[in-house]
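Numbering (the working numbering), first residue to last: 1103 to 1325.
Ideal Cβ placement from N, Cα and C applies to all residues, glycine included.
All remarks here apply to the structure that follows.
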């Protein structure tokens, strides 16, 4: 195992979210064959080194917090794009004709498409309601721990994308959402045009107005 052999595997939830937002075609060529791969804009060694100072000094008993911070940073939806194997190889090989600025330009062009941003809104809703099987660390016995809690930090990039879309005057529908949590008894108010999320206890029906789109809890319970 090399120096950075601890690179975390791409989680299924990230693969699903990336395909939902960006589609199943290479952002560079627009082709679906060969099947696109998930390319990380900021690679694992860079993320690992950049986050070391943030987690240095954390007690061993909560060391999983630092590992989760690195994992979340690396596997943030804002850090990945779908590329065919050819362009993925060019990008990872640091070829000047397909560098990070090129990849970011392709991603940002996609994020000016209202259809793409509406799919981002769907992912935001999924996250707020509580994505099933969210990995939250490891127990003392080494077993992986999951829950269906909402991780608001996972929304930072997504909310900024949608807010910019509203700022550009794109037609993205109703900017005010009320989203039920799967756990019940609580919900979120979302102002997509401001990139803001507020937590609220109680029944969402008491907060719904003519100016909001309410997303009810209709999904099956997950662990």
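The beta strand (DSSP E) enclosing residue i, as first and last residue numbers
i: residue 1211; result: Where residue 1211 is concerned, there is no enclosing beta strand (DSSP E), although the alpha helix (DSSP H) it sits in stretches over 1202-1212.
i: residue 1279; result: 1278-1282
Cross-strand partners of residue i (DSSP beta bridge)
i: residue 1299; result: 1292
Check whether residue i and residue j have beta carbons under 8 Å apart
i: residue 1201; j: residue 1259; result: no
i: residue 1182; j: residue 1254; result: no
i: residue 1268; j: residue 1295; result: yes
i: residue 1318; j: residue 1297; result: no
i: residue 1291; j: residue 1283; result: no
i: residue 1141; j: residue 1208; result: no
i: residue 1232; j: residue 1252; result: yes
i: residue 1143; j: residue 1205; result: yes
i: residue 1124; j: residue 1212; result: yes
i: residue 1257; j: residue 1314; result: no
i: residue 1216; j: residue 1273; result: yes
i: residue 1153; j: residue 1171; result: yes
i: residue 1287; j: residue 1303; result: yes
i: residue 1263; j: residue 1230; result: no
i: residue 1134; j: residue 1126; result: yes
Run of the alpha helix (DSSP H) containing residue i, from where it starts to where it stops
i: residue 1314; result: Unbroken run through residue 1314: none, as it is neither H nor E.
i: residue 1267; result: 1258-1269
i: residue 1229; result: 1216-1231
Assumed close pair residue i, residue j - CB separation to whole angstroms, cut-off 8 Å
i: residue 1138; j: residue 1186; result: 5 Å
i: residue 1176; j: residue 1149; result: 4 Å
i: residue 1225; j: residue 1119; result: 5 Å
Any C-beta of chain B under 8 Å from that of residue i
i: residue 1223; result: Looking at the structure shown, chain B is missing, and only one protein chain is on hand.
(message) To test your reading of the DSSP string, which unbroken beta strand (DSSP E) runs of 3 or more residues are found completely within the segment 1108-1190?
(response) Counting only unbroken stretches of 3 or more residues, the beta strand (DSSP E) elements lying wholly within the segment 1108-1190 are 1139-1142, 1182-1185, in sequence order.
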